[in-house]
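To start, the structure under review is shown below, and the notes come after it.
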Amino acid sequence: MKPKLTAADARAAEIASAQRSRAFPIIDCNYQEFPLDRFYEGGSARNERPSFLDISREYFRYEARRNFLAEGIFFLALVAILAATFISGALVIIRFLQLPEA
141 MKPKLTAADA RAAEIASAQR SRAFPIIDCN YQEFPLDRFY EGGSARNERP SFLDISREYF
201 RYEARRNFLA EGIFFLALVA ILAATFISGA LVIIRFLQLP EA
């Protein structure tokens, strides 16, 4: 037995067929434009922000003089240890390659 078609079902079928015939779906969005007054519109060509050189010069002048020196010495010590390790490994490989065949 076939189910009977009600008015609500007929309306839903009409809406579905109308939606299928549209090229694009209906989009509900809230468009909000933003003001453009925060963008720079000209004036002097001088940059008001401090440069990276000024920032680093101020940092080393007031804050990090001793810390930078200690970290530099530590870095050089690590580089020296690594260089000694690589040189030692290279010498071992050279000696191994120069051994006479048994």
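Throughout the sequence shown, residue numbering follows this note's numbering, covering 141 to 242 in sequence. Ideal Cβ positions, reconstructed from N, Cα and C, are used throughout, including at glycine.
Just to confirm, are residue 117 and residue 200 a CB contact at a threshold of 8 Å? Beyond the ends of the chain as shown, which are 141 and 242, falls residue 117; an answer cannot be given.
For the alpha helix (DSSP H) containing residue 170, name the first residue and the last one. What you label residue 170 is simply residue 30 of the sequence shown in a count that begins at 1. Unbroken run through residue 170: none, as it is neither H nor E.
So the alpha helix (DSSP H) residue 204 belongs to, where does it begin and stop? Within the sequence shown, the letter at position 64 stands for residue 204. Unbroken run through residue 204: none, as it is neither H nor E.
Note down, in chain order, each residue of its chain lying with its Cβ closer than 7 Å to the Cβ of residue 206, except the 5 sequence neighbours on either side. Looking up residue 206 in the sequence shown gives position 66. Counting only Cβ-Cβ distances below 7 Å, and skipping sequence neighbours, we find nothing.
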